[in-house]
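Structure first, commentary second.
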Amino acid sequence: MKRKRSFAYLLRLLLAVYIPLLLLNFTISFMIIRHIREQTISLLRANMDIYAGEIDNRLESVNYMLLNTLFSEQALLLRRQPEDVIDEINATNRLKKRFAEGRISFGNEYNYFLWAQDWDGFISSSSDSAAFLQFQAVLAHIKDLLHSPGLGALAEKNTWTVFEEGGSYYLIKIYRYQNQIIGAWAPAERVLSPLFRSSPEDGFLVILDEEGNILTGGEQAGDLPLPIEKGKGASIIKNRLVIPEGFKKGDFSVNCVITNWGAYENATRILLLLTFAAVLTLTVGLWLLLYVKRAIVDPVRRFSEHLRDYNESGAMLGEENILELESAGDVFNGLMEQVEDLKIEVYEESLRRQRAEFDYMQLQIKPHFYLNCMNIIYNMAQTKNYREIQRLSLTVCKYLRSMFRNGMVPVPIEEELSLVQSYLDIQRIRYDAQFFYLIEQDPATAGALIAPLIIHTLVENSIKHNITQEGSLTVRVRLRRVMEDGLEALSIRVEDTGGGFEEDILALLQSGRRPGLADGRGIGLYNTRQRLEILYGGHGSIRFANREEGGARVDILIPLQKPPAAGRGAQP
0 MKRKRSFAYL LRLLLAVYIP LLLLNFTISF MIIRHIREQT ISLLRANMDI
50 YAGEIDNRLE SVNYMLLNTL FSEQALLLRR QPEDVIDEIN ATNRLKKRFA
100 EGRISFGNEY NYFLWAQDWD GFISSSSDSA AFLQFQAVLA HIKDLLHSPG
150 LGALAEKNTW TVFEEGGSYY LIKIYRYQNQ IIGAWAPAER VLSPLFRSSP
200 EDGFLVILDE EGNILTGGEQ AGDLPLPIEK GKGASIIKNR LVIPEGFKKG
250 DFSVNCVITN WGAYENATRI LLLLTFAAVL TLTVGLWLLL YVKRAIVDPV
300 RRFSEHLRDY NESGAMLGEE NILELESAGD VFNGLMEQVE DLKIEVYEES
350 LRRQRAEFDY MQLQIKPHFY LNCMNIIYNM AQTKNYREIQ RLSLTVCKYL
400 RSMFRNGMVP VPIEEELSLV QSYLDIQRIR YDAQFFYLIE QDPATAGALI
450 APLIIHTLVE NSIKHNITQE GSLTVRVRLR RVMEDGLEAL SIRVEDTGGG
500 FEEDILALLQ SGRRPGLADG RGIGLYNTRQ RLEILYGGHG SIRFANREEG
550 GARVDILIPL QKPPAAGRGA QP
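Heads up: the sequence shown begins at 0 in numbering that gives the first Met the number 0, then just goes up one per residue.
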């Protein structure tokens, strides 16, 4: 058999599967984003490290060239001003040629100079004609720097230093030997141009001095906190990435700022979009499930509860939000009204059938007495015992008057006993010394109501099947008030000194089955059981047994009912 599950169980099961999958999706998405981010940063940093290393190597090469030139023959000749003008010119030309070779070897962005402090001789490399004025301004700044108190500290530094002139920044490195100084300078942006070329299209470089002050790129950096510590960058949800890069041969650093960084940004957007789609799907799914629960499952559950309540209390179904369920409820209510009408009709038909069956059983009981009375009168007429015939006729008239009343209406116990006594008197007249009877009534049973002919049938059955011409018979009737399950009950016992029930008849009577004997034995007692069932339902009982000392015993137990007090009306 297929196992059934409730909607709430399926909803919990779906959530138990859906939520871990969503968390797994989040985890995988962020791991992928983090991996792509780290790979992208690693690639960009590797490129920057390559170009920064190239710049460091070139700066170091320029440093070697400056040191070699400082100790060259030309520099030695110019340490002091030559006495011969021609020697001075030749030495100066050879030095400038060496400077020109340096520009060819390391780039024309590098400019060189030599200053002889003893005779204030200043020799520099040639300038680009396009930037002559700027070149002269830088040379003037360098000359001022050479005559400043900070010259010694600048010469002792092992790194290139940044200085500003005319709104532009330059790198400078000087060496000092005795009273002679040699140096090189270059525009910072031209020296760092390989880094500019390596940066993405949507990126820019920010140059910072050794104290972290922004030298170039500040307009583009905006409010971005710089410098960024090495190894740190923008967070996953931000669209800017900052990669810092330092130099071994310079006291400055560069931050590469990437505003929209290509594959990482696109991958991040796609993954975030997929994650959002998953969250949206979960939200919509949960909303649909809750809507289905609220709009379908709950109304169906309430509909089922209403059906159960109807079975228990008969209350009509209420209104529902779903049109189909409300229509079904209306149809069901109409059907239940028809069922109620049918139940009433069936109940009334059952009452009519029970009344007909009761009347039929009562008619089955009455003919026994009629035949017996006619037989007695016939026998007395043969013996011309007219006095007894008159006495018997009066008793029979009294008896028949009681017999032809409504058999369904309970009567006081006194009326039933009067009928029984009349019947027993008739039998006494008939059998004389062969028959005796005894009636005992508990005063507490006075006025109790009882179905008519119940005791009479038992007494008649005892006399009919036990009295003979040879022997005698005694019938005893006893009525008592007893307590049964905390309620008052009327106990009726009818016993005789006859031959008792035959075993087969007793078994049928005790089991409640209808005797099917051809001579009709047990039919009256079976009909009495049926009448008790009709009149008292499960509250009445009848038991059949044989007495140990001989004879039969029948015990009846019914609720003790009495007529209502005056002024309250009669019970039905």
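Ideal placement from N, C-alpha and C gives every residue a C-beta, glycine not left out.
(request) Can you tell me the Cβ-Cβ gap for residue 28 and residue 270, rounded? I've got them flagged as a contact below 8 Å. (result) Looking up residue 28 in the sequence shown gives position 29. Looking up residue 270 in the sequence shown gives position 271. Contact holds; Cβ gap of about 5 Å.
(message) Please tell me whether residue 450 and residue 494 are closer than 8 Å, where the distance is taken between their beta carbons.
(response) Working through the sequence shown from its first residue, we reach residue 450 at position 451. Working through the sequence shown from its first residue, we reach residue 494 at position 495. No.
(message) Measuring straight from C-alpha to C-alpha, what distance separates residue 192 and residue 43?
(response) Position 193 of the sequence shown, counting from 1, holds the residue named residue 192. Position 44 of the sequence shown, counting from 1, holds the residue named residue 43. Residue 192 and residue 43 have their C-alpha atoms roughly 16 Å apart.
(request) Compute every distance between the C-beta of residue 45 and the non-hydrogen atoms of the ligand COA, then say whether any falls below 7 Å. (result) With respect to the ligand COA, the structure offers nothing, as it holds no ligand at all.
(message) Please classify residue 541 as buried or exposed, where buried requires at least 16 neighbouring CB atoms within 10 angstroms.
(response) Within the sequence shown, residue 541 is the residue found at index 542, counting from 1. With 16 or more other Cβ atoms within 10 Å, it is buried.
(message) Would residue 146 and residue 162 qualify as a contact pair, given that the criterion is a beta-carbon distance under 8 Å?
(response) Within the sequence shown, residue 146 is the residue found at index 147, counting from 1. Within the sequence shown, residue 162 is the residue found at index 163, counting from 1. Not closer than 8 Å, so no.
(request) Spatial neighbours of residue 274 within its chain, please: CB distance less than 8 Å, with the 5 preceding and 5 following residues excluded, ordered by chain position. (result) Indexing the sequence shown from 1 puts residue 274 at position 275. Non-local C-beta neighbours of residue 274 in its own chain, meaning closer than 8 Å and more than five positions away in sequence, comprise 24, 25 and 28, ordered along the chain.
(message) Please state the DSSP three-state secondary structure of residue 103.
(response) By 1-based counting over the sequence shown, the position of residue 103 is 104. DSSP places residue 103 in helix when its eight states are reduced to three.
(message) Whole angstroms are fine: how far does the CA of residue 12 sit from the CA of residue 296?
(response) Position 297 of the sequence shown, counted from the first residue, corresponds to residue 296. Position 13 of the sequence shown, counted from the first residue, corresponds to residue 12. The alpha-carbon atoms of residue 296 and residue 12 are separated by roughly 17 Å.
(request) Report, in whole angstroms, the separation of the C-beta atoms of residue 472 and residue 462, which I expect to be a contact under 8 Å. (result) Counted from its first residue, the sequence shown places residue 472 at position 473. Counted from its first residue, the sequence shown places residue 462 at position 463. Separation of the CB atoms of residue 472 and residue 462 is rounded to 7 Å, and the pair is thereby assigned contact status at 8 Å.
(message) Relative to the C-alpha of residue 411, which candidate in 183, 446 and 394 has its C-alpha closest?
(response) Start at 1 with the first residue of the sequence shown, and residue 411 comes out as number 412. Closest option to residue 411, judged by alpha-carbon separation, among 183, 446 and 394: 446.
(request) Return the chain-ordered list of same chain residues with a C-beta closer than 6 Å to the C-beta of residue 142, the five sequence neighbours on each side being excluded. (result) Indexing the sequence shown from 1 puts residue 142 at position 143. Once the five neighbours on either side are set aside, residue 142 has no close Cβ partner at all.
(request) Could you name the residues of the same chain whose beta carbon sits closer than 8 Å to that of residue 539, not counting the 5 residues immediately before and after it, in chain order? (result) Numbered from its first residue, the sequence shown carries residue 539 at position 540. These residues qualify, in order along the chain: 531, 532, 555, 556, 557 and 558.
(message) So for residue 432, helix, strand or coil by DSSP?
(response) Residue numbering aside, residue 432 sits at position 433 when the sequence shown is read from its first letter. Of the three classes helix, strand and coil, the one that applies to residue 432 here is helix, per DSSP.
(request) Using the Cα positions of residue 337 and residue 344, report the straight-line distance between them to the nearest angstrom. (result) On the sequence shown, position 338 is the one that residue 337 refers to. On the sequence shown, position 345 is the one that residue 344 refers to. Rounded to whole angstroms, residue 337 and residue 344 show a C-alpha spacing of 10 Å.
(request) Tell me, to the nearest whole angstrom, how far the beta carbon of residue 90 is from that of residue 179; I am working on the premise that it is less than 8 Å. (result) Mapped onto the sequence shown, residue 90 falls at position 91. Mapped onto the sequence shown, residue 179 falls at position 180. Contact doesn't hold; Cβ gap of about 13 Å is too wide.
(request) Locate the alpha helix (DSSP H) running through residue 527, then write down its first and last residues. (result) To locate residue 527, count along the sequence shown from 1; it is residue 528. 522–535 is the span of the alpha helix (DSSP H), which, as asked, contains residue 527.
(request) Count the other C-beta atoms from every protein chain shown that fall within 10 angstroms of the C-beta of residue 100, then say buried if there are 16 or more, exposed otherwise. (result) Along the sequence shown, read from residue 1 onward, the residue named residue 100 stands at position 101. Burial call: exposed.
(message) So, for residue 64: in the same chain, excluding its five sequence neighbours on each side, which residues have a beta-carbon less than 6 Å away from its beta-carbon?
(response) The count along the sequence shown starts at 1 and reaches residue 64 at position 65. So the qualifying residues of the chain are 101.
(message) Looking at the strands, I want to know which residues DSSP matches up with residue 482.
(response) As a position in the sequence shown, residue 482 is number 483, starting the count at 1. Paired residues: 487.
(request) Pull up the DSSP beta-bridge partners for residue 256, would you. (result) Residue mapping note: residue 256 aligns to position 257 of the sequence shown, counting from 1. Per DSSP, 203 and 241.
(message) Just to confirm the assignment, what range does the alpha helix (DSSP H) spanning residue 151 have?
(response) Residue mapping note: residue 151 aligns to position 152 of the sequence shown, counting from 1. Segment 150–155, the alpha helix (DSSP H) holding residue 151.
(request) Return the CA-CA distance between residue 430 and residue 395, expressed in angstroms with no decimal places. (result) Along the sequence shown, one-based indexing puts residue 430 at 431. Along the sequence shown, one-based indexing puts residue 395 at 396. Rounded to whole angstroms, residue 430 to residue 395 spans 16 Å at the Cα level.
(message) Could you give the first and the last residue of the continuous alpha helix (DSSP H) run that contains residue 160?
(response) As a working mapping, residue 160 is identified with position 161 in the sequence shown. Residue 160 -> not in any alpha helix (DSSP H); beta strand (DSSP E) instead, spanning 160–164.
(message) Can you tell me which residues form a DSSP beta bridge with residue 494?
(response) Within the sequence shown, numbered from 1, the residue matching residue 494 stands at position 495. Beta-bridge pairing links residue 494 to 475 and 552.
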